[in-house]
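Reviewing the structure listed below.
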Amino acid sequence: MSYIKKIHTLVGDFHCHSLASVHAYSTIGENIEAAKVKGLKALAITDHAIGTEDSPRLSYFENLPSLPKVVDGVRVLTGVEANIMNFKGEVDMPVETLKKLDIVIASYHTSCTRPGTVQQHTESYLQLAKNPYINIIGHAGTENFAFDYEKVVPVLGEAKKVFEINDHTFKCRKKSISNCITIAKLCKKYGFRIMVNSDAHSKYDVGSCDNAFAMLEDIKFPEELIININEDRIAEYLNSINVLY
Numbered sequence: 147m148s149y150i151k152k153i154h155t156l157v158g159d160f161h162c163h164s165l166a167s168v169h170a171y172s173t174i175g176e177n178i179e180a181a182k183v184k185g186l187k188a189l190a191i192t193d194h195a196i197g198t199e200d201s202p203r204l205s206y207f208e209n210l211p212s213l214p215k216v217v218d219g220v221r222v223l224t225g226v227e228a229n230i231m232n233f234k235g236e237v238d239m240p241v242e243t244l245k246k247l248d249i250v251i252a253s254y255h256t257s258c259t260r261p262g263t264v265q266q267h268t269e270s271y272l273q274l275a276k277n278p279y280i281n282i283i284g285h286a287g288t289e290n291f292a293f294d295y296e297k298v299v300p301v302l303g304e305a306k307k308v309f310e311i312n313d314h315t316f317k318c319r320k321k322s323i324s325n326c327i328t329i330a331k332l333c334k335k336y337g338f339r340i341m342v343n344s345d346a347h348s349k350y351d352v353g354s355c356d357n358a359f360a361m362l363e364d365i366k367f368p369e370e371l372i373i374n375i376n377e378d379r380i381a382e383y384l385n386s387i388n389v390l391y
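Residue numbers (the numbering used here): 147 to 391.
What follows is the structure, encoded as structure tokens:
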């Protein structure tokens, strides 16, 4: 087993917002161009789902698959950051729409759901594990939605849900960093693969994850468990969720 010994460079960024999210500041085209300049081979466009006030309409997500699959050598993946809307683990996108997208992230946001108890959040994630259309668990370290990490991480890992280590958290949700470390250590313990994503809200942050990588280096996280720093791993992962690379 080899551990991270230096800050890595992403090969694919699976969490990125465009102008369609309103509070983001770059177009899809600008984000793709930034990905190309930084040497990324894959970029997922994952704007906020319809449960938030600053999200695009459902028709936006319905039409996303019309984008070219490859632009200037960058594999463009259609996606969404779906909002977990309650403590039953339900999200704010119709199943028929989720089926059309390549990547589905599920995240909690206080604009959609008022925080509850640790027990309620735990139950929500356990229910989320049963949803076959969820691929990635977004910024799960969020302080307001703390859960029983020891109980939940193994269940989600066994269900093939991938936890992301979200670089944006290290910039704007600093109280959540200790929870991110706990999740990463549990993924290391159980041998579950993760992704490191930028959660970019402008082209300037696409593919930029130095803070997340520095944390993973500190805890000696196995580099072979990070999917999106290796093109072959990305292709294998996408194939496992029935998405062509």
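Cβ coordinates follow ideal geometry from the N, Cα and C atoms, glycine included.
Since this is a predicted model, take the numbers as computed values, not measurements.
First and last residue of the uninterrupted alpha helix (DSSP H) at M361: 356–364
Run of the alpha helix (DSSP H) containing S212, from where it starts to where it stops: No alpha helix (DSSP H) contains S212, which DSSP labels as neither H nor E.
Sub-7 Å separation of I340 and I372 beta-carbons: yes
Beta-carbon proximity list for N177, same chain, < 8 Å, skipping 5 on both sides: C162, S164, L189, I191, A346, K349, V352
Best match in S172, S270, K276, P278 for proximity to A286 [C-alpha to C-alpha]: S270
Contact set for G262: own chain, Cβ-Cβ below 7 Å, skip 5 residues either direction: Here the set comprises F233.
Host alpha helix (DSSP H) of N325 (start-end): Here the alpha helix (DSSP H) through N325 covers 323–336.
V394 to I230 span [Cα, whole Å]: With the chain covering only 147 through 391, there is no way to say anything about residue 394.
Alpha carbon of C318 to alpha carbon of Y391, nearest angstrom: Rounded to the nearest angstrom, the two C-alpha atoms are 32 Å apart.
Test item: CB-CB of L264 and A292 under 7 Å: Note on residue identity: the sequence assigns Val, not Leu, to residue 264. The answer is yes: Cβ separation under 7 Å.
Under the three-state DSSP convention, the category R379 falls into: helix
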